[in-house]
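Everything in the sequence shown is counted per the working numbering, starting at 1082 for the first residue and increasing by one.
Think of the CB as a built atom: it goes at the ideal place given N, C-alpha and C, for glycine as much as any other residue.
Bear in mind that the values here come from a model prediction, so they are computed numbers and not experimental data.
Read the structure below first, then the notes.
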Amino acid sequence: MENKMSETIKLVMVKRDMNGKDIADALGCSTQAVYANFKKNAWNETQLRKIAEKLNCELEIGFKLKDTDERF
């Protein structure tokens, strides 16, 4: 099962008409490595920032308490 981050990246890729090669170029890695990261959800913050830049998006990282919806 994929993690929400990988699913979100894929949704934005579709909206921006981009593919794994576009993301691989932004990350400086192979397309195979990108799809392995999708499968494992193995993204680090640096990669996410590069992906966001390529997709012309802002990356928002934070925490939200499940019981109160309070965000940090």
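Can you grab the Cα-Cα spacing for the pair residue i / residue j, in whole Å?
| i | j | result |
| --- | --- | --- |
| N1137 | T1089 | 14 Å |
| A1123 | S1087 | 9 Å |
| N1084 | R1152 | 20 Å |
| A1105 | V1115 | 6 Å |
| N1155 | E1141 | Not covered by the structure: residue 1155. The range shown for the chain is 1082 to 1153. |
Would you please state the rounded distance, in angstroms, between the beta carbons of residue i and residue j? I believe it to be under 8 Å.
| i | j | result |
| --- | --- | --- |
| A1133 | E1139 | 7 Å |
| D1103 | K1135 | 6 Å |
If you measure between the beta carbons of residue i and residue j, is that distance less than 8 Å?
| i | j | result |
| --- | --- | --- |
| L1108 | K1131 | yes |
| F1119 | K1091 | yes |
For the alpha helix (DSSP H) containing residue i, list its first residue and its last residue.
| i | result |
| --- | --- |
| A1133 | 1126-1135 |
Legend entry - Ranges of the alpha helix (DSSP H) found wholly within the region 1085-1116, counting only runs of at least 4: Taking only runs of at least 4 residues, the alpha helix (DSSP H) segments lying wholly in the region 1085-1116 are 1085-1096, 1101-1108.
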